[in-house]
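A.B. asks: In my numbering, the protein residues as written are 262 to 1266.
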Amino acid sequence: MVQAIHTTVKGRARYKVKELYRSLSLKEYLERSLLNQPEILNVSANISTSNILVFFSPEYSYKQVAYLIDEVLNNFQKSHQQVRGRKSEKIVKKTQRIPGVQQQKSENWHLMPAKTVLDTFKTSPSGLSSESAATNLSIYGANVLAQTEVRSSLSIFVDQFKSLPVALLGVAAGVSVFTGGLIDALVILGVVGLNAAIGFATETQSERIIHSLKHQEQTTAWVMRDGKPQEIPTEDVVVGDILILKPGSYVAADARLIYADNLSIDESALTGESLPVSKDTASLTGEDVPLGDRLNMIYRGTYITGGQGLAAVIATGQFTEMGHIQTLVGTANATETPLARQLDQVGSQLVVIGMGLCGLVFGMGLLRGYGLVQMLKSSISLAVAAVPEGLPTIATTTLALGIRDMRRNKVLVRSLSAVEALGSVQTICMDKTGTITENKMSVVEIHTNTREIKVTNGEFIAGEENINPYMYDELLKLIHVSVLCNESGVDQVEGEYVVTGSATENALIYMGIAAGVDAISLRDKYPLLQTNLRSENRNIMSTIHETHNGHRLVAVKGSPGEVAQMCRGWMKDGEVMPLSDQDRQLLEIENDRMAGKALRVLGVAYNHIDESHNGNHEADLIWLGLVGMADPIRRGAKELIADFHHAGINTVMITGDQSPTAYAIAKELELNRSPQLEILDSTNLNNLTPEALTALSDKVDVFSRISPSNKLQIVQALQNAGQVVAMTGDGINDAPALKAAQVGVAMGKGGTDVAREVADIVLEDDRLETMIIAVSRGRTIYNNIRKSVHFLLATNLSEIIVMTTATAAGIGEPLNAIQLLWLNLVTDIFPGLSLAMEAPEPDVLSQPPRNPQDPIIKKSDFGRITFESSTISAGTLAAYGYGILKYGISPQASTLAFMTLTTAQLLHTISSRSEKHSIFSQEKLPKNPYLTAAVTGSFALQLVAVAVPPLRNLLRITPISLVDGAVIGSSALLPLIVNEGTKDISGGMKKIKAMRKTQSVNSEQ
262 MVQAIHTTVK GRARYKVKEL YRSLSLKEYL ERSLLNQPEI LNVSANISTS
312 NILVFFSPEY SYKQVAYLID EVLNNFQKSH QQVRGRKSEK IVKKTQRIPG
362 VQQQKSENWH LMPAKTVLDT FKTSPSGLSS ESAATNLSIY GANVLAQTEV
412 RSSLSIFVDQ FKSLPVALLG VAAGVSVFTG GLIDALVILG VVGLNAAIGF
462 ATETQSERII HSLKHQEQTT AWVMRDGKPQ EIPTEDVVVG DILILKPGSY
512 VAADARLIYA DNLSIDESAL TGESLPVSKD TASLTGEDVP LGDRLNMIYR
562 GTYITGGQGL AAVIATGQFT EMGHIQTLVG TANATETPLA RQLDQVGSQL
612 VVIGMGLCGL VFGMGLLRGY GLVQMLKSSI SLAVAAVPEG LPTIATTTLA
662 LGIRDMRRNK VLVRSLSAVE ALGSVQTICM DKTGTITENK MSVVEIHTNT
712 REIKVTNGEF IAGEENINPY MYDELLKLIH VSVLCNESGV DQVEGEYVVT
762 GSATENALIY MGIAAGVDAI SLRDKYPLLQ TNLRSENRNI MSTIHETHNG
812 HRLVAVKGSP GEVAQMCRGW MKDGEVMPLS DQDRQLLEIE NDRMAGKALR
862 VLGVAYNHID ESHNGNHEAD LIWLGLVGMA DPIRRGAKEL IADFHHAGIN
912 TVMITGDQSP TAYAIAKELE LNRSPQLEIL DSTNLNNLTP EALTALSDKV
962 DVFSRISPSN KLQIVQALQN AGQVVAMTGD GINDAPALKA AQVGVAMGKG
1012 GTDVAREVAD IVLEDDRLET MIIAVSRGRT IYNNIRKSVH FLLATNLSEI
1062 IVMTTATAAG IGEPLNAIQL LWLNLVTDIF PGLSLAMEAP EPDVLSQPPR
1112 NPQDPIIKKS DFGRITFESS TISAGTLAAY GYGILKYGIS PQASTLAFMT
1162 LTTAQLLHTI SSRSEKHSIF SQEKLPKNPY LTAAVTGSFA LQLVAVAVPP
1212 LRNLLRITPI SLVDGAVIGS SALLPLIVNE GTKDISGGMK KIKAMRKTQS
1262 VNSEQ
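#1: What does DSSP give as the partner residue(s) for Phe721 in the beta ladder?
#2: Just to confirm, does Leu1235 get its C-beta within under 8 Å of one of the non-hydrogen atoms of the ligand GDP?
#3: Any idea if Ala1165 is buried or exposed, counting beta-carbon neighbours within 10 angstroms, 16 or more meaning buried?
#4: In its own chain, which residues sit with a C-beta less than 8 Å from the C-beta of Asn336, not counting the 5 before and 5 after it?
#5: Can you tell me which of Leu1081, Asn1044 and Leu1204 puts its alpha carbon nearest to the alpha carbon of Ile1062?
#6: Between Thr1161 and Gly1136, which are expected to be in contact by the criterion C-beta below 8 Å, what is the C-beta distance as a whole number of angstroms?
#7: Between the Cα of Asp527 and the Cα atoms of Val538, Pro1075 and Asp942, which residue gives the shortest distance?
#8: Hey, how far is the Cα of Val1224 from the Cα of Tyr1143?
#9: According to DSSP, His869 sits in a beta bridge with which residue or residues?
#10: Closest to Ile1090 by CA distance: which of Ile1118, Phe1052 and Ile707 is it?
#11: Identify, in the order they occur along the chain, each residue of the same chain with its Cβ nearer than 7 Å to the Cβ of Ala265, setting aside the five sequence neighbours on each side.
#12: Can you find the residues in the same chain that come closer than 6 Å, C-beta to C-beta, to Ala925, ignoring five residues on each side of it along the sequence?
#13: Along the beta strand (DSSP E) that carries His708, what are the first and last residues, could you check?
#14: By a C-beta neighbour count over all protein chains shown, 10 Å radius and 16 as the cutoff for buried, is His267 buried or exposed?
#15: Locate the alpha helix (DSSP H) running through Ile1218, then write down its first and last residues.
#16: Check for me: the beta strand (DSSP E) holding Lys833 runs from which residue to which?
#17: Could you check whether Ser318 and Lys279 sit closer than 9 Å to each other, using their CB atoms as the reference points?
#18: Identify the residues that DSSP records as bridge partners of Glu836: which are they?
#19: In chain order, what are the residue ranges of uninterrupted alpha helix (DSSP H) at least 4 long that sit wholly in the segment 1035-1123?
#20: Do the CB positions of Leu1267 and Ile697 come within less than 9 Å of each other?
#21: Quick check: the Cα distance between Asp871 and Gly553, rounded to an integer number of angstroms?
#22: Measuring CB atoms only, is the segment 562-569 touching the segment 503-520, in the sense that at least three cross pairs come out at less than 8 Å?
#23: Around the C-beta of Thr916, are 16 or more other C-beta atoms found within 10 angstroms, so that it is buried, or is it exposed?
#24: So does the segment 745-756 actually touch the segment 705-722, counting three or more Cβ pairs closer than 8 Å?
#25: Expressed to the nearest angstrom, what Euclidean distance is found between the alpha-carbon atoms of Lys899 and Met772?
#26: Contact between the segment 1042-1060 and the segment 1189-1196: three or more CB pairs below 8 Å?
#27: Quick one: what does DSSP say Phe461 is sitting in, helix, strand or coil?
#28: Using the rule of at least 16 other Cβ atoms within 10 Å of the residue's Cβ for burial, across every protein chain shown, is Lys423 buried or exposed?
#29: Report back the beta-carbon spacing between Gln791 and Ile805 to the nearest angstrom; my notes put them in contact at under 8 Å.
#30: In chain order, what residues of the same chain lie with their CB nearer than 8 Å to the CB of Gly1237, ignoring the 5 residues before and after it?
#31: Measuring CA to CA, which of Gly454, Glu289 and Gly509 is closest to Ile493?
#32: What's the C-alpha gap between Arg347 and Thr532?
#33: Output yes or no for whether 9 Å exceeds the beta carbon distance between Ala1007 and Ala1016.
#34: Closest to Gly835 by CA distance: which of Phe721, Trp884 and Pro893 is it?
#35: Return the CA-CA distance between Phe721 and Asp853, expressed in angstroms with no decimal places.
#36: Would you mind sorting Leu840 into buried or exposed? The rule is 16 or more other CB atoms within 10 Å of its CB.
In structure tokens form, the structure reads like this:
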């Protein structure tokens, strides 16, 4: 409903459109569609106020404009009806029908002649009529993709309560209210709420940052309609439309080419291929032509790098190849991380232990003659003691601090558990294009006059010598010719070069800039007179330039073999020497050597002709050299691979490139951990059963010629083989695998929106090196959480032992319910958090990844935990026994037990800093100021409880004499001395067991 709200100024009106509220897509659609109308001069829509301000020709009335707005609004609602409200996981498969939208034909369009495709869709090179386009839009639906599901704030909040410990605490709080323990219930619920608040705040902030990286998509496309070019909204492109293809724009839909003039398209986002693909219109043969080899087809989301063309749209929206990939994303299930499973296991164990002990104590109390309500309260208190209230808070906060550290390194983490999961990764699958490599062509090697020159970071290096191109005539000439014989545009904005063109042409320009050549001045000095482009039967390009002396400069580049055959001489030591057949053979050998390194190699030559020259200007050329280009490996990638191997992590490269290219890059990276590099092509992959692929997956270093569905297969096969898998990628073709992996890592700067939406971790600056930081942080977080859990279990078990022993012995209750709650609050949360903030251990990246099947607390740990808790319990019961002898079963005796247990647990924080190193050993642990502050602060709180009467009365404790204080101190200190003194013995026994286990495994092998 469109309502005019301000119409007093002629040619200007403001309207209220209720549907516009918070609808960015409608805002963009209204503005684009209205501006296409000749009577509309300007449009501005506001999604916050639902208002739209329109400037129009004065001869039109505001009512006519309102009618126009209403018509556009109806079109928008009609075209978006079939996609509104659908979530990504409900995307239908391409073989199913979308309600209200007719299924689009799925044929082998690449095998058909272009005319057959045009006849099928009742179209022609002059395009559809407006009426036919409107009909197709209503039948087949709008050209839009379903949006990836975004986690809602409510979903994130609810997730904070999905753990068994939290559920048990909630039950305990409910029973406390039922039995009159309102304060107990409030304390328990306060801790649960604190945990939820920390997790919610951290995860919502991460979601907000990642969504802020979202790129603005191309919103319009040029098509032929009614026999003339028109720019229309991308969502209005329909099957049968004729797309007008221009450099620098994205393809709006899948289409069959009907005309192509030197058309090249970057399909890396879809296929993973580094190099732009040259397109033509010829029909293909063969039933199973891979997507990357369909040279007469273009696909939505790919980028036009050069040339021009026309193409008939054969699929739109969800029926495009990009739409099919989103279907794979919707069907891929995210995998639960190891820490989440381990904490759930610990929670389940604590539930069983807690319920069993509650029942035991409750029964023993009744047999001893204690009251029913009293024992019910005591049992609830023990249940709370059995489940450390600080466990969820400590785990959540530790992971949140890890996210904060990652953000400082420009690593954005979507969920709390993703950092920990990356720390337990055993295999990292890396997409090559845009992840390992930079996804842009660069000159990496030049060969002139038998001299081999490496080009690295703008420097020209021959052997060990860093050379200046201006000191070598043949090298400088080669660079000049490469800049002149070039289709890329070069401009200068604020002192910076802006180069626009294909990746190959741009690489040559940047080589010249790196050499110190002023590309703009050089082109001004040698004005372009004529260009002869590559063609189907001719793999060279030549340009003719005017020179200052009235001659003409001929600049040539192209296939090295073809260029060499046109040359009569070559530059050698600054002079032109005859080029013999033997010399040509040497050049051919050099070309093969460079091609074997997966380089794209061009031959470069030149000649000078006079103005009156009428013959073949591409004859009698002078050879300058070979230029080798590649999609360069990111700086630091090789060292990163070595770091992964040192950390015990397998690395797998997945690429859409041909096997020779993939093999060459893998060898340069030293990707293989075994002596022989293992590579598997998609042709062989498609012939494998899922079971065979699972068995083979962890033996392969490189997968080549891989499709998006293959990537998903590989990740799932590795997971089926028992691996914890991380997947890195930047394109939409990586999205299904990113979602399925335990940890999906996407590029933030050069990556696609779809990849970032499904990833767990986003590298904001695309620096792959930051992944090793994340691995280190993940392992440290797990170790620290393990220390905290160990501490919490030992201290809480000591409470259970004290209470159970006293009840069984019939010597009263050493601690009442409120004291147990206070004890857990004071000794659990802040000391446990301080342990979670321990500095990384020096050898954290020298250890192999932990086995994800191992519980966070192993069976061997329970013996040590029981021993530690027993020493604390013995000290507490000794102090309580002294109190009974002196005061009888009274509040004074309970005070001694309460103060002793609190002090002993706080001192145990120091003992829990390391499983191996004692505080009495010579090897000192790194300082932890957080631990000092936590223990000091907790002691201060305990003293406040003794000194402040209202709090003392609430806890039901009494004043302490000097002798009582000495008993408390000695009883609390003794467990620390015993536990630290036995660490060396315990550590030695573990080493002996580990050595025996290793020897046993070796003997079996």
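Backbone N, C-alpha and C fix where the C-beta goes; we use that ideal spot for every residue, glycine too.
Only a predicted model underlies this, so the values are computations on that prediction, with no experimental measurement involved.
C.D. replies: If we stick to the structure as given:
#1: BP columns for Phe721 point to Val716 and Ile728.
#2: In terms of ligand content, the structure shown is empty, and the ligand GDP therefore cannot be addressed.
#3: Under this definition Ala1165 is a buried residue.
#4: Within the same chain, Asn336 has close Cβ partners Ser294.
#5: With distances taken between Cα atoms, Ile1062 lies closest to Leu1081.
#6: That pair is a contact at about 6 Å.
#7: Out of Val538, Pro1075 and Asp942, Val538 has the C-alpha closest to the C-alpha of Asp527.
#8: The alpha-carbon atoms of Val1224 and Tyr1143 are separated by roughly 11 Å.
#9: DSSP, once it has assigned bridges, lists Leu814 as partnering His869.
#10: Closest option to Ile1090, judged by alpha-carbon separation, among Ile1118, Phe1052 and Ile707: Phe1052.
#11: For Ala265, where only same-chain residues beyond five positions count, the Cβ hits under 7 Å are Ala274, Tyr276, Tyr323 and Ala327.
#12: Answer for Ala925: Lys858 and Ala859, listed in chain order.
#13: Element bounds for His708: Ser703 to Thr709.
#14: His267 should be labelled exposed.
#15: For Ile1218, no alpha helix (DSSP H) segment is defined, and its DSSP state is neither H nor E.
#16: If you look at Lys833, you'll find it in the beta strand (DSSP E) that goes Cys828 to Lys833.
#17: No, these two residues do not count as a Cβ contact at 9 Å.
#18: In DSSP, Glu836 forms a bridge with Lys833.
#19: DSSP runs (the alpha helix (DSSP H)) wholly in the segment 1035-1123: 1078-1085 and 1091-1097.
#20: The first residue shown for the chain is 262 and the last is 1266, placing residue 1267 beyond what the model contains.
#21: A straight-line Cα-Cα distance of about 45 Å links Asp871 and Gly553.
#22: Contact between the segment 562-569 and the segment 503-520 is present: three or more C-beta pairs spanning the two stretches fall below 8 Å.
#23: Result: buried.
#24: No contact exists between the segment 745-756 and the segment 705-722.
#25: Looking at the two C-alpha atoms, the distance is approximately 23 Å.
#26: Because the criterion of three Cβ pairs below 8 Å is not met, the segment 1042-1060 and the segment 1189-1196 do not touch.
#27: Here Phe461 carries a helix assignment [DSSP, helix/strand/coil].
#28: By the neighbour-count rule (16 or more Cβ atoms within 10 Å), Lys423 is not buried but exposed.
#29: A Cβ-Cβ separation of about 4 Å places Gln791 in contact with Ile805 under the 8 Å criterion.
#30: The identity of residue 1237 in the sequence shown is Leu, whereas the question assumes Gly. Within the same chain, Leu1237 has close Cβ partners Ala1165, Leu1168, His1169, Ile1171 and Ser1172.
#31: Relative to Ile493, the option among Gly454, Glu289 and Gly509 whose CA is nearest is Glu289.
#32: Any reading at Arg347 is ruled out, since the residue's pLDDT is 37, under 50, leaving its predicted position unreliable.
#33: Here Ala1007 is near Ala1016, since their CB atoms are less than 9 Å apart.
#34: Cα-wise, what sits closest to Gly835 is Trp884.
#35: C-alpha separation (whole angstroms): 22 Å.
#36: By the beta-carbon neighbour count (other beta carbons within 10 angstroms, threshold 16), Leu840 is buried.
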